[in-house]
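Engineer: Please find one structure pasted underneath; my questions will follow.
Numbering (this note's numbering), first residue to last: 18 to 129.
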């Protein structure tokens with residue numbers, strides 16, 4: 018196990034993580050630190066616990082909005098896929114009609 022030291026709002030935290038995950042954990046802590054800093058500028062020093070809670074709620078809200086966006090995009094993609102499948106089906110039907118006309122119709126007799 019690897020160990021990472023993170024400092025948020027003047028407090029130092031030691032966390033364990035899987036080997037190779039250190040940079041990712043530091044990147045995540047940077048995101049939390051940015052959120053903490055923005056909230057501290059907006060509300061002042063309202064206490065570490067409250068700032069951390071507000072940061073967690075802010076990040077959870079951002080995650081929730083991102084998940085909604087992904088769900089909407091997945092629904093749009095599914096709709097587009099269905100539309101393309103319908104268009105392919107229609108095109109295949111037209112090709113079958115044309116193929117039958119060429120095979121069985123007057124043009125087929127001229128080719129013989």
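Just so it is clear, CB atoms sit at the ideal spot from N, CA and C, and this is done for glycine as well. None of these values were measured; they are calculated from a predicted model.
Which stretch, first to last residue, makes up the alpha helix (DSSP H) that contains residue 93?
Structural biologist: 65–121
Engineer: Using DSSP bridges, identify the partner residues of residue 49.
Structural biologist: When beta bridges are read from the DSSP output, residue 49 appears opposite no residue.
Engineer: How many angstroms separate the CA atom of residue 97 from the CA atom of residue 110?
Structural biologist: 20 Å
Engineer: Tell me residue 19's beta-bridge partners as DSSP assigns them.
Structural biologist: 34
Engineer: Can you tell me which residues form a DSSP beta bridge with residue 42?
Structural biologist: Answer by DSSP bridge pairing: none, since residue 42 is not bridged.
Engineer: When the Cα of residue 36 is compared with those of 27, 19, 24, which residue comes out closest?
Structural biologist: 19
Engineer: Check this for me: beta carbons of residue 49 and residue 25, under 8 Å apart or not?
Structural biologist: yes
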